[in-house]
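No gaps in the numbering here: position 151 of the sequence shown is 744 in this note's numbering, and each next residue is one more. Worksheet for the structure shown next.
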Amino acid sequence: MLARVSLNLSAGEQVIFEGHPSWRSILGFYLKGIVLAAILGAIAKLIDLSNGVVFLIVLVVIALTVLIGFVKRVATRYTITNRRLNIKRGIVSREVQETRLERVQNVNYNQSVYQRLMQIGDVDFDTAATDDYNFVFYGVANPAEVVHQVDRATGAGTAGTHGLGEAQPPQ
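The following block contains the structure:
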C-alpha cells in the first residue's frame, strides 16, 4: 500500500501490476560476489595471512555482495496502472521513469537461456517518446504475464490492427 500512496494515483486509476525484479534475477550477481570472495581469499592465503584474516576477508566480501544485491533489487519498483507505466529506482537518490499507456506502441520481452532457466525476463516497452533511455522492466518473473497485463490495460486484445490504446471504429 505504501507504493500506491507514493505513486499519487489519480481518480479512477488502478494498479494492474506492481513488483520488483525477481530475486532470481540477482542470483548471477551473488555468484560473481562469491567467486570474487574466493579469489580474494586465495590471494590473501598466498600472501600468507592467518586463517582468521582470510576468513574475515571472504566473509566481508560475501556480506557486501548480499547487501548490495538485496538493496539493488528492493530499491527498484515497477508499476503498471490502467493509465501509465512507472519505474522507480533508488533509496537515497531517486530516478523515476514514467510514461502514459497511450504512448506505448510495442511491448516485447526477451529471455536469454539463463533467464529462461530462472523463469525471468526483460520486458521492453517501445513508446512514442524520443527519450534518451530505454523503458525496460529488467528481471521480472513471468514476463509474458506482464506483457499480457499491459495488452489488457491498453485494449490491445480488442484493438485489432489499430494498435495499442487506439479507439476502434464503430461496428
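Just so you know, even glycine gets a beta-carbon here, dropped at the ideal spot from N, CA and C. Remember, predicted model here, so these are calculated numbers, not experimental data.
Task: Simplified DSSP state of Ile661, which is helix, strand or coil - done: In this structure, Ile661 counts as helix in the three-state DSSP scheme.
Open item on the list: Taking only three categories from DSSP, how would you classify Val685?
Closed with: Secondary structure of Val685 (DSSP, three-state): coil.
Open item on the list: According to DSSP, is Asp744 part of a helix, a strand, or is it coil?
Closed with: Asp744 falls in the helix class under three-state DSSP.
Open item on the list: Mapping the DSSP letters down to three states, classify Ala630 as helix, strand or coil.
Closed with: Shown here, Ala630 sits in a helix according to DSSP, grouped into three states.
Open item on the list: Could you check whether Gly662 and Ile619 sit closer than 9 Å to each other, using their CB atoms as the reference points?
Closed with: Result yes, Cβ atoms of Ile619 and Gly662 sit closer than 9 Å.
Task: Beta-carbon separation (whole angstroms), Leu678 vs Thr669, contact threshold 8 Å - done: Contact between Leu678 and Thr669 fails: their C-beta atoms lie close to 14 Å from each other, not under 8 Å.
- [ ] Could you check which residue in Ser603, Val700, Leu642 has the C-alpha nearest to that of Phe718?
- [x] It is Val700 whose Cα lies nearest to the Cα of Phe718.
TODO: Quick one: residues in its chain with C-beta nearer than 7 Å to the C-beta of Val777, no 5 flanking neighbours on either side, listed in chain order?
DONE: Residue 777 lies beyond the residue range present for the chain, which begins at 594 and ends at 764; the question has no answer from this structure.
Open item on the list: Quick check on this structure: which residue in Tyr707, Gly732, Asp744 has the alpha carbon closest to the alpha carbon of Ser615?
Closed with: The residue with the shortest Cα to Cα distance from Ser615 is Gly732.
Open item on the list: Short of 8 Å in beta carbon distance, which residues of its chain neighbour Met711, apart from the five on each side in sequence? Order them along the chain.
Closed with: Counting only residues of its own chain and dropping the five nearest sequence neighbours on each side, Met711 has a CB closer than 8 Å to the CB of Ser615, Arg617, Ser618, Leu620.
Open item on the list: Quick check on Asn644: does DSSP put it in helix, strand or coil?
Closed with: Asn644 falls in the helix class under three-state DSSP.
TODO: Using DSSP bridges, identify the partner residues of Ile680.
DONE: Looking at the DSSP output, Ile680 shares a beta bridge with Tyr671, Gln690.
- [ ] Out of Thr672, Val689, Glu688, state which residue places its alpha-carbon closest to the alpha-carbon of Val740.
- [x] For the set Thr672, Val689, Glu688, the Cα lying nearest the Cα of Val740 is the one of Thr672.
- [ ] Verify whether the separation of the beta carbon atoms of Ala746 and Ile609 is less than 9 Å.
- [x] Their beta carbons are under 9 Å apart, which means Ala746 touches Ile609 by this criterion.
TODO: Kindly indicate which three-state DSSP category Ala637 falls into: helix, strand or coil?
DONE: Of the three classes helix, strand and coil, the one that applies to Ala637 here is helix, per DSSP.
- [ ] Sort Arg666, Arg696, Gln704 by Cα distance to Asp744 and report the nearest one.
- [x] Comparing Cα positions, the closest option is Arg696.
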